[in-house]
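Novice: Sharing a structure below in structure tokens format, with a few things to ask.
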Amino acid sequence: MDLPVPSSRSREHRVHVITHGCQMNEYDTHTVSSELVAGGHRIVDTPADADLIILNTCAVRGKPVEKVVTMLGEFRKQRLAGRDLTVGMMGCLAQLEEGQEIARKFGVDILVGPGAITDILDAIEAVDRTHEPFWSLEFKDDLHTHLTPAPDTLTGFLTIMRGCNHNCTYCIVPQTRGPEVSRSLESILHEARAMQQNGVQEIYLLGQNVNSYGLGRSDLPSFAELLRRVADTGIPRVKFTTSHPMNFTSDVIDAVAEHENICNYIHLPVQSGSDRVLRRMAREYRRERYLEIVAEIKAKVPDVVLSTDIIVGFPGETEEDFGATLSLYEEVHYDTAYMFMYSARPGTPSYKHFDDLPRDVKTERLGRLIERQKVWSHRKNQRWVGRELRVLIREAATDSQYVVGHSDQNHTVLVPREQVGEMGLYPVTVETATPHTLYGTVAGAVPESIPLLMAS
Ligand code: SAH
Ligand code: SF4
Ligand code: F3S
9 MDLPVPSSRS
19 REHRVHVITH
29 GCQMNEYDTH
39 TVSSELVAGG
49 HRIVDTPADA
59 DLIILNTCAV
69 RGKPVEKVVT
79 MLGEFRKQRL
89 AGRDLTVGMM
99 GCLAQLEEGQ
109 EIARKFGVDI
119 LVGPGAITDI
129 LDAIEAVDRT
139 HEPFWSLEFK
149 DDLHTHLTPA
159 PDTLTGFLTI
169 MRGCNHNCTY
179 CIVPQTRGPE
189 VSRSLESILH
199 EARAMQQNGV
209 QEIYLLGQNV
219 NSYGLGRSDL
229 PSFAELLRRV
239 ADTGIPRVKF
249 TTSHPMNFTS
259 DVIDAVAEHE
269 NICNYIHLPV
279 QSGSDRVLRR
289 MAREYRRERY
299 LEIVAEIKAK
309 VPDVVLSTDI
319 IVGFPGETEE
329 DFGATLSLYE
339 EVHYDTAYMF
349 MYSARPGTPS
359 YKHFDDLPRD
369 VKTERLGRLI
379 ERQKVWSHRK
389 NQRWVGRELR
399 VLIREAATDS
409 QYVVGHSDQN
419 HTVLVPREQV
429 GEMGLYPVTV
439 ETATPHTLYG
449 TVAGAVPESI
459 PLLMAS
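Each residue of the sequence shown is one higher than the one before, counting from 9 in the numbering used here.
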């Protein structure tokens, strides 16, 4: 009888995973970490304790790419000095020619793209056995049915779809994440229920464009229906990101308005307030349509908090175009915004066809937008002073007198540490507001410990 050949399964590694980029990368890091633990490896908290470091990378702008290069340079130096260290790269940069060149240059051992993360154990085993680099860059089908164990945290990220079918001219994501694929309703609900049983209080449904969930698939519900099904699990909070204005339908707004536990917080990236720029970006809506959606949201969802993404200094953006972005911001009264200076990414249409604006023009406009955003955010935040919000308090704040969390509407809220025993959901009365933060007291607790200087 042939006995099974003893497995040359890799030795147990002490692994540290460093995550850059968006929440989808955080979800992937959790998936990979779960696989590693299931495969007998140990996750360690610091890079110094690891013999395998995996960088989960982002490629959306030039800066996160520079960060990866700096880190890989450091690891290479340590290896040359004799450190026993295996280095892996996953995430969006790994999928690009640009990332692969970097991987070759710095002697990265493992390269797995965003569609191949379930290959991580095979990759480690192969590298241990052959001492040759292992690359996997396919978009694998098994990833969509793969069930990631629930995290041990109060907030759980849950990817409902991968990829993107849009082709915004500035954006590298369709190349790094491939075409849209929606996960099955069963897989999503399974993960949601497991999170609930594990004590997760808030589920974040994730996708590059969650509103196109299930489009063109008769076996899947619409995004609005999916939202309702996840809310029906009874999880205290459901949030979702990112919404694309093109597919942002009324039924999604209705679901938000009707379900107590679907948060009154909507992130709706606009990118620019100028139709001329939107056209050159190949965004499929115009200013007027965007404002119609916002009006419907405001009419149906009282006290809604709105945020957006804006790119400043897109090629060819004139002072007048930029003025249109400022005026749109003023018209919507966003509560907050993620504002980016245009970064020309190799491989995107705008990199190929348009000339970048001078850096000082971009910097100056970004500065002006940030100044206005601070004023508007402060104004919006002040409306909450004296009111009660429900806050999911998650961790110690940088200032150790406080603990920090997020409201149902996604405000960052700080409360004095001594008022909170365990982390979790608390009713909080807002005492003061800054442009980026609300300070409050747990309802019923003594309010003296809010320092007045925070009001500035
Ligand atoms: N799918 C999401 C966005 C994902 S990328 C959406 O369409 O809303 C997150 C944000 O990064 C984008 O909304 C955009 O504002 C910004 N971004 C993408 N590519 C960029 C680039 N080349 N330069 C600057 N910002 C960029
Ligand atoms: Fe990028 Fe546009 Fe897709 Fe968002 S919708 S990921 S900005 S291509
Ligand atoms: Fe970055 Fe990829 Fe997310 S490029 S923003 S990590 S989808």
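Here a beta-carbon is modelled for each residue, glycine too, at the ideal position from N, C-alpha and C.
Consider the C-beta atom of M203 and the heavy atoms of the ligand F3S; say whether any pair is separated by less than 6 Å.
Specialist: Taking the first residue of the sequence shown as 1, we reach residue 203 at position 195. No, the Cβ of M203 stays beyond 6 Å of every heavy atom of the ligand F3S.
Novice: Residues in the same chain with beta-carbon distance under 7 Å from E292, minus the five sequence neighbours each way, listed in chain order, please.
Specialist: For this step, residue 292 is matched to residue 284 along the sequence shown. Closer than 7 Å at the Cβ level, and outside the excluded window around E292, lie M254.
Novice: Compare the beta carbon distance of R391 and V411 with 7 Å and say whether it is the shorter of the two.
Specialist: As a position in the sequence shown, residue 391 is number 383, starting the count at 1. As a position in the sequence shown, residue 411 is number 403, starting the count at 1. No. Outside cutoff.
Novice: Could you tell me if L213 is buried or exposed, where buried requires 16 or more neighbouring beta carbons within 10 angstroms of its beta carbon?
Specialist: Taking the sequence shown and counting its residues from 1, one reaches residue 213 at position 205. Burial call: buried.
Novice: Where does the unbroken alpha helix (DSSP H) through W384 begin, and where does it stop?
Specialist: Working through the sequence shown from its first residue, we reach residue 384 at position 376. Note, W384: alpha helix (DSSP H), R367 to Q390.
Novice: Tell me where the beta strand (DSSP E) around T27 begins and ends.
Specialist: Counting from 1 along the sequence shown, the entry for residue 27 is found at position 19. Where T27 is concerned, the enclosing beta strand (DSSP E) stretches over R22 to T27.
Novice: Starting from E396, trace the beta strand (DSSP E) in both directions and tell me its first and last residue.
Specialist: Working through the sequence shown from its first residue, we reach residue 396 at position 388. Here the beta strand (DSSP E) through E396 covers E396 to A404.
Novice: May I ask which residues mark the beginning and end of the alpha helix (DSSP H) holding F231?
Specialist: Numbered from 1 along the sequence shown, position 223 holds the residue referred to as residue 231. First-last of the alpha helix (DSSP H) with F231: F231 to A239.
Novice: Provide the residue span of the beta strand (DSSP E) that contains Y447, from first to last.
Specialist: For the purposes of this step, residue 447 is taken as residue 439 along the sequence shown, with counting starting at 1. Unbroken beta strand (DSSP E) run through Y447: L446 to V450.
Novice: Can you name the start and end residues of the alpha helix (DSSP H) that L132 belongs to?
Specialist: Start at 1 with the first residue of the sequence shown, and residue 132 comes out as number 124. It is worth fixing the name first, because residue 132 is Ile in this sequence and not Leu. First-last of the alpha helix (DSSP H) with I132: I128 to T138.
Novice: Identify whether V13 lies in helix, strand or coil by the three-state DSSP scheme.
Specialist: Stepping through the sequence shown from its first residue, residue 13 is reached at position 5. Unreliable placement is indicated for V13, whose pLDDT of 45 sits below 50; no coordinate value is reported for it.
Novice: Counting only the same chain and skipping the five closest in sequence on each side, list residues whose C-beta sits under 6 Å from that of I196.
Specialist: Taking the sequence shown and counting its residues from 1, one reaches residue 196 at position 188. Hits under 6 Å: I168.
Novice: Taking the DSSP output, what are the residues bridged to I318?
Specialist: For the purposes of this step, residue 318 is identified with residue 310 of the sequence shown, where counting begins at 1. In DSSP, I318 forms a bridge with Q279 and M347.
Novice: Does DSSP put Y337 in a helix, a strand or coil?
Specialist: Counting from one through the sequence shown, the residue named residue 337 turns up at place 329. Residue state, collapsed to three classes: helix.
Novice: Return helix, strand or coil for E456, following the three-state DSSP convention.
Specialist: As a first step, residue 456 must be located in the sequence shown, where it is residue number 448. Reliability of the predicted coordinates at E456 is poor, the pLDDT of 45 falling under 50, and the value obtained from them is presented with this limitation in mind. Three-state DSSP puts E456 in a helix.
Novice: Report yes if the C-beta distance between L80 and H21 is below 7 Å; otherwise report no.
Specialist: Indexing the sequence shown from 1 puts residue 80 at position 72. Indexing the sequence shown from 1 puts residue 21 at position 13. No, the Cβ-Cβ distance between L80 and H21 is not below 7 Å.
Novice: Check whether the Cβ of V181 lies closer than 6 Å to any heavy atom of the ligand SF4, and answer yes or no.
Specialist: Locating residue 181 in the sequence shown gives position 173, counting from the first residue. Yes, the ligand SF4 has a heavy atom inside 6 Å of this Cβ.
Novice: To the nearest angstrom, how far is the alpha carbon of D10 from that of A111?
Specialist: Working through the sequence shown from its first residue, we reach residue 10 at position 2. Working through the sequence shown from its first residue, we reach residue 111 at position 103. In this predicted model, D10 has a pLDDT of only 48, less than 50, meaning its place in the structure is not dependable; the value taken from the coordinates is given anyway. Rounded to whole angstroms, D10 to A111 spans 41 Å at the Cα level.
Novice: I'd like to check one pair, I401 with Y434: are the Cβ atoms closer than 7 Å?
Specialist: In the sequence shown, counting from the first residue as 1, residue 434 sits at position 426. In the sequence shown, counting from the first residue as 1, residue 401 sits at position 393. Yes; because the gap between Cβ atoms is below 7 Å, this pair is in contact.
Novice: Going by the DSSP bridge assignment, what does E210 pair with across the sheet?
Specialist: Mapped onto the sequence shown, residue 210 falls at position 202. E210 pairs with T163 and R245.
Novice: I'd like the list of long-range same chain contacts for V278, defined as Cβ closer than 6 Å, with 5 residues on each side in sequence excluded.
Specialist: Looking up residue 278 in the sequence shown gives position 270. These residues qualify, in order along the chain: Y298 and T316.
Novice: Tell me which same chain residues have a C-beta within less than 6 Å of the C-beta of R373, skipping the five on either side of it?
Specialist: Locating residue 373 in the sequence shown gives position 365, counting from the first residue. The answer, listed in chain order, is V320, G321 and F330.
Novice: Determine the burial state of A239: buried for a count of at least 16 other Cβ atoms within 10 Å of its Cβ, exposed for fewer.
Specialist: In the sequence shown, the residue the question calls residue 239 occupies position 231. Buried: at least 16 other Cβ atoms inside 10 Å.
Novice: Identify which residue in G429, V246 and D36 has its Cα closest to the Cα of H267.
Specialist: Residue 267 sits at position 259 when you count from the first residue of the sequence shown. The shortest Cα separation from H267 among G429, V246 and D36 belongs to V246.
Novice: Any contact of the stretch 190-205 with the stretch 138-157, i.e. 3+ C-beta pairs under 8 Å?
Specialist: Yes, the stretch 190-205 touches the stretch 138-157.
Novice: Could you tell me the alpha carbon to alpha carbon distance between G186 and Q204, rounded to whole angstroms?
Specialist: As a first step, residue 186 must be located in the sequence shown, where it is residue number 178. As a first step, residue 204 must be located in the sequence shown, where it is residue number 196. For G186 and Q204, the distance between alpha carbons rounds to 30 Å.
Novice: Give the secondary structure of G115 by DSSP, where H, G and I count as helix, E and B as strand, and everything else as coil.
Specialist: Here residue 115 refers to the residue found at position 107 of the sequence shown. Of the three classes helix, strand and coil, the one that applies to G115 here is coil, per DSSP.
Novice: Any heavy atom of the ligand F3S within a distance shorter than 6 Å of the CB on M32?
Specialist: If you number the sequence shown from 1, residue 32 lands on position 24. Checking every heavy atom of the ligand F3S against the Cβ of M32, one is found closer than 6 Å.
Novice: Taking 6 Å as the cut-off, is the beta-carbon of V68 closer than that to any non-hydrogen atom of the ligand SAH?
Specialist: Numbered from 1 along the sequence shown, position 60 holds the residue referred to as residue 68. True, at least one ligand heavy atom lies under 6 Å from that Cβ.
Novice: Taking 6 Å as the cut-off, is the C-beta of C100 nearer than that to any heavy atom in the ligand ZN?
Specialist: The ligand ZN is not part of the structure shown, which contains the ligand SAH, the ligand SF4 and the ligand F3S as its ligands.
Novice: Identify the continuous beta strand (DSSP E) that holds E439 and give its terminal residues.
Specialist: For this step, residue 439 is matched to residue 431 along the sequence shown. It spans G432 to A441 - the beta strand (DSSP E) in which E439 sits, taken as one unbroken run.
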